[in-house]
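Q: Handing you this structure, nothing more for now.
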Amino acid sequence: MSFSGKNIRNGIYAAVAVCWIAAPVFLSNYQTDVLNNIAIYALLGLSLNIILGYGGMFHMGHAAFFAIGAYTTAIINTSYGIPVLWLLPLSGITAGVFALVVARPIIHLRGDYLLIVTIGMVEIVRIALVNNIFGITGGPNGIFGIASPQVFGHPINGIVSPGHYFYLLTAFLAFTIAVFYLLEHSRYGRALKYLCSDSIAAEGSGIDTSGYKLSAFVIGAFWAGMVGNLYAGKITFISPESFSFWESVVMFMIVILGGAGSIPGVLLGAILIIGLPEFFQELQQYRLLIFGIALVAMMIFRPQGILPPKPHTYPVDKLDEKEVTL
Amino acid sequence: MKKILFMLIGVSLLFAGPVFSSDTIKIGLMCPLTGSWASEGKDMRQIVELLAGQVNEEGGLLGKQVEIVVADDGGDPRTAALAAQRLASRGIVGVIGTYGSSVTEASQNIYAATNTLQIANGSTSVRLTEKGLPYFFRTCPRDDEQGRVAVEAMLEKGYKRIAILHDSTTYARGLADEARTLLADADAQVVFFDALTPGEQDYTTILTQIRRDEPDVVFFTGYYPEAGMLLRQKMEMGLNVPFIGGDANNNPDLVKIAGNRAAKGFRFLSPPVPQDLPSPVAQDFLAAYIEKYGQAPGSIWAVLAGDGFRVLAKAIAETGSTETATLAAYLKNDLQAFPGLTGMINFDEKGDRIGDVYRVYEVDEEGNFILQM
Chain D
1 MSFSGKNIRN
11 GIYAAVAVCW
21 IAAPVFLSNY
31 QTDVLNNIAI
41 YALLGLSLNI
51 ILGYGGMFHM
61 GHAAFFAIGA
71 YTTAIINTSY
81 GIPVLWLLPL
91 SGITAGVFAL
101 VVARPIIHLR
111 GDYLLIVTIG
121 MVEIVRIALV
131 NNIFGITGGP
141 NGIFGIASPQ
151 VFGHPINGIV
161 SPGHYFYLLT
171 AFLAFTIAVF
181 YLLEHSRYGR
191 ALKYLCSDSI
201 AAEGSGIDTS
211 GYKLSAFVIG
221 AFWAGMVGNL
231 YAGKITFISP
241 ESFSFWESVV
251 MFMIVILGGA
261 GSIPGVLLGA
271 ILIIGLPEFF
281 QELQQYRLLI
291 FGIALVAMMI
301 FRPQGILPPK
311 PHTYPVDKLD
321 EKEVTL
Chain E
1001 MKKILFMLIG
1011 VSLLFAGPVF
1021 SSDTIKIGLM
1031 CPLTGSWASE
1041 GKDMRQIVEL
1051 LAGQVNEEGG
1061 LLGKQVEIVV
1071 ADDGGDPRTA
1081 ALAAQRLASR
1091 GIVGVIGTYG
1101 SSVTEASQNI
1111 YAATNTLQIA
1121 NGSTSVRLTE
1131 KGLPYFFRTC
1141 PRDDEQGRVA
1151 VEAMLEKGYK
1161 RIAILHDSTT
1171 YARGLADEAR
1181 TLLADADAQV
1191 VFFDALTPGE
1201 QDYTTILTQI
1211 RRDEPDVVFF
1221 TGYYPEAGML
1231 LRQKMEMGLN
1241 VPFIGGDANN
1251 NPDLVKIAGN
1261 RAAKGFRFLS
1271 PPVPQDLPSP
1281 VAQDFLAAYI
1291 EKYGQAPGSI
1301 WAVLAGDGFR
1311 VLAKAIAETG
1321 STETATLAAY
1331 LKNDLQAFPG
1341 LTGMINFDEK
1351 GDRIGDVYRV
1361 YEVDEEGNFI
1371 LQM
């Protein structure tokens, strides 16, 4: 990797970030709302990326954690009137605890076996919501009348002014990218990638593989729960249909198509998977057909994803002699 | 570099946006063009576009041509919220649609916030008009009305042991609960009350459970794809219990899925289709539709979208206005016994359609839907 190549890349990232932040000024409410949806799915994709991209675990039930976060927010907000944003950490914790309980017994499963179990999990969660579990989820009708979030006393209404919500989501997205970037480049992130590419070698090097995998699962779920909170505050009405198996597939596609394990890849994946069907709105009933063809073409020409993670290089001459590596 | 270029082109096309022009009257149509209810959405679009074409041939409304702006709600709440944002930013006078109740619910707040008139065509959930939204209407009846007619029809036949099967969607569960509540006061017993999972291929397990409880009749409140599968598998299992369906079964695909033999004798509730209505409005519409598309409209819900368009067009023409408040006031107070494609149309204060709409249909040997009573 040459120095100038890195500069160009950073330049592109900066330009994209500036365009993104300035976008709502020029766009209509609808177009801004498309960006909001992209941001929500980018956040979900990034949280799934911890599990699927770094950890290499085929997890296709991410909508379950998203749903648990959203329902936690909806139930507590409508019953006790606690402001939505205060519930952000709690939504994450509920989803994280659920992930811990569910994933503990299945974490040793490999590849497709884990995939099947996680599909089962997301369906069970959805059906439990439909059947009004504990009498609090509102059954198939869902829950309506969730309050909009407030920042310093200003209500941010995702319906009336998507532009305001856009900046709330963007702030959270920026925070997420920063945290996950640090995570990726930490000892923890390297260990996850190591066990992803060769778990036996990783175990031999003293990495507690199932402990790491479990913690990756919980972190991913925690984040998805927090996104659920923001989603509930945006749409103010949630029903089990918003958390179908298809939603999990969409998140899975975002990560795989964009480039598993790569933050820019996941962001691009979210733009394509959520943005393209809206772009094809004019084609009406053919839009998903075109979308499908585009997906197939991309997977044929870029099976590793559009922006796969670059392998890390550690040039010997630049290593600090005292540096402790993994 | 090529990749980035491609992306930029894509993104810029995405936000190219519509060119605004004020020399047409824009009416939104929100319908499921993709997803499992796509056939409904296609019919809705064809009917509304046909009617808009007729209005335009006669000179349009207020001297302007009518333009239909279509948005796909995908049959799911998130896509519907986007579709609503999209339509609301297009300068439309009002919006027709949509089909599913939870899908409509997700869009309601957006139209309410932007003061857009909405006339739903297939959303029968009671809650939708109980929120006090001033600009929400629907041309379809509510679930409580349907539940009442269904229970009457079953009791009239002398059924005593009744099984109720729903699919856990807002609509089906609402109707099932309504029927169960009404049956509690009647001289009959609910022996089975459960849900199936929509979209599966094999319902023999749930049919076996139903057989065990020995009902006289099964009331299925879900949608036509599952009803078709149930009927076929019921025949294959040799289970000989009559089925009654809710109004979401009024779609010819039901017979295609079940086959003629299995569908024979299946009864369902529905507002009458135009074929069964003698009024000249309905007959003229039917003739025009068949001439343009080669067959009769498949489902009543799409025809109700046509009625939504017709009352909106009537309101615009009568009031000479495109103001939401004026149009809503006209629909609530001044529109009396408007001859719709599905019978007389009046709206009450909540925006619900008033009047006795439901009929019982039975499928005959050739898979035709025959109006009973």
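Chains as they are written, first to last, in the working numbering: chain D, 1 to 326; chain E, 1001 to 1373. The beta-carbon is built from N, C-alpha and C at its ideal position, and this holds for glycine as well.
1. Could you name the residues of the same chain whose beta carbon sits closer than 6 Å to that of Leu182 (chain D), not counting the 5 residues immediately before and after it, in chain order?
2. Taking 8 Å as the limit between beta carbons, can you name the residues of its chain near Val1191 (chain E), skipping five residues before and five after?
3. Just verifying my parser: in three-state terms, what is the DSSP assignment at Glu241 (chain D)?
4. Taking the C-alpha atoms as reference points, what is the distance between Leu268 (chain D) and Leu230 (chain D)?
5. For Arg1142 (chain E) and Val1048 (chain E), I'd like the C-alpha separation in whole angstroms.
6. Below 8 Å between beta carbons: does that hold for Met1309 (chain E) and Ile1096 (chain E)?
7. Just reading off the beta strand (DSSP E) that Cys1031 (chain E) is part of, what are its end residues?
8. Using a Cβ distance threshold of 8 Å, determine whether the region 46-55 of chain D contacts the region 191-207 of chain D, with at least three qualifying pairs required.
9. Relative to the C-alpha of Phe1193 (chain E), which residue among E:Gly1199, E:Gln1201, E:Ser1168 is closest?
10. Check the C-beta distance from Lys213 (chain D) over to Ile107 (chain D) and give it rounded, since I have them as a contact under 8 Å.
11. Counting only beta-carbon atoms, is Ser1012 (chain E) nearer than 8 Å to chain D?
12. Taking the alpha helix (DSSP H) that Arg1353 (chain E) falls in, what are its first and last residues?
13. I need the straight-line Cα distance from Met60 (chain D) to Asp1202 (chain E), nearest angstrom please.
14. Any chance the region 98-115 of chain D sits against the region 209-229 of chain D, with 3 or more Cβ pairs inside 8 Å?
15. In three-state terms, what does DSSP make of Glu1362 (chain E)?
16. What are the complete alpha helix (DSSP H) segments, minimum 4 residues, inside the region 96-153 of chain D?
17. Should Asn1109 (chain E) be flagged as near chain D, meaning a C-beta pair shorter than 8 Å?
18. Leaving out five residues before and five after Phe237 (chain D) in sequence, what residues of the same chain have Cβ atoms less than 6 Å from its Cβ?
19. Indicate whether Leu129 (chain D) and Tyr71 (chain D) have their beta-carbon atoms separated by less than 8 Å.
20. Strictly by DSSP, which residues pair up with Ile1441 (chain E)?
21. Measure how close the beta-carbons of Leu1051 (chain E) and Gly1306 (chain E) come, nearest whole angstrom, since I'm counting them as under 8 Å.
22. For chain E, is any of its Cβ atoms less than 8 Å away from the one on Ala232 (chain D)?
23. What is the residue span of the alpha helix (DSSP H) that Gln1085 (chain E) lies within?
24. Looking at chain D, which residues of the region 1099-1125 of chain E have a Cβ within less than 7 Å of any of its Cβ atoms?
25. Could you work out which residues of chain E lie near Phe237 (chain D), taking near to mean beta carbons separated by less than 8 Å?
26. Which partner residues of Arg302 (chain D) appear in the DSSP bridge assignment?
27. Please confirm if Gly261 (chain D) has its CB atom under 8 Å from at least one CB of chain E.
28. State the CB to CB distance for the pair Gly1122 (chain E) and Tyr1099 (chain E), rounded to an integer number of angstroms; the pair is presumed to be in contact (CB under 8 Å).
29. Would you check if the region 1240-1257 of chain E and the region 1320-1339 of chain E touch, i.e. whether three or more CB-CB distances between them fall below 8 Å?
30. One question on the structure: do Asn141 (chain D) and Thr1170 (chain E) come within less than 8 Å of each other, judged by their Cβ atoms?
31. Is there a Cβ of chain D sitting closer than 8 Å to that of Leu1082 (chain E), yes or no?
32. Assuming Trp162 (chain D) contacts Asn29 (chain D) under a Cβ cut-off of 8 Å, what Cβ separation, rounded to an integer in Å, is found between them?
33. Work out the CA separation of Gln1209 (chain E) and Thr1189 (chain E) for me, nearest whole Å.
34. Cβ of Tyr1361 (chain E) within 8 Å of Cβ of Arg1267 (chain E)?
35. Express the C-alpha separation of Leu1128 (chain E) and Lys1350 (chain E) in angstroms, rounding to a whole number.
36. For Arg1127 (chain E), go through chain D and note every residue whose CB falls closer than 9 Å to its CB, in chain order.
A: From the atom records:
1. Cβ-Cβ distances below 6 Å link Leu182 (chain D) to nothing in the same chain once the five nearest sequence neighbours on each side are left out.
2. Arg1161, Ile1162, Ala1163, Asp1213, Glu1214, Pro1215
3. helix
4. 21 Å
5. Distance between the alpha carbons of Arg1142 (chain E) and Val1048 (chain E) is about 22 Å.
6. For clarity, residue 1309 (chain E) is Phe in the given sequence; the question names Met instead. In contact: Phe1309 (chain E) and Ile1096 (chain E) (Cβ atoms closer than 8 Å).
7. 1024-1031
8. yes
9. E:Ser1168
10. 5 Å
11. Caution applies to Ser1012 (chain E), whose pLDDT of 47 falls short of 50 and renders its modelled position unreliable; the value that the coordinates give is listed next. No, its Cβ sits nowhere closer than 8 Å to a Cβ of chain D.
12. Arg1353 (chain E) -> no alpha helix (DSSP H), and no H or E assigned at all.
13. Computed Cα separation, rounded: 23 Å.
14. yes
15. Glu1362 (chain E): strand per DSSP, three-state reduction.
16. Along the region 96-153 of chain D, the alpha helix (DSSP H) occurs as fully enclosed runs of 4 or more residues at 111-130, listed in sequence order.
17. yes
18. Phe144
19. yes
20. For chain E, the structure presents residues 1001 to 1373; residue 1441 (chain E) sits outside this window and is missing.
21. Indeed they touch by this definition, with Cβ atoms about 5 Å apart.
22. no
23. 1077-1088
24. Those would be Ser1102, Glu1105, Ala1106, Asn1109, Ile1110, Ala1113, in chain order.
25. Pro1077, Glu1105, Ala1106, Asn1109
26. None, per the DSSP bridge assignment.
27. no
28. Yes, they are in contact, since the Cβ atoms of Gly1122 (chain E) and Tyr1099 (chain E) sit about 4 Å apart, within 8 Å.
29. Touching, no.
30. yes
31. yes
32. What sits at residue 162 (chain D) in the sequence shown is Pro, not Trp. 5 Å between Cβ atoms; contact.
33. Strictly speaking, residue 1189 (chain E) in this sequence is Gln, with Thr absent from that position. Between Gln1189 (chain E) and Gln1209 (chain E), the C-alpha separation is close to 17 Å.
34. yes
35. Near 10 Å, if we compare the C-alpha coordinates of Leu1128 (chain E) and Lys1350 (chain E).
36. Asn141, Phe144
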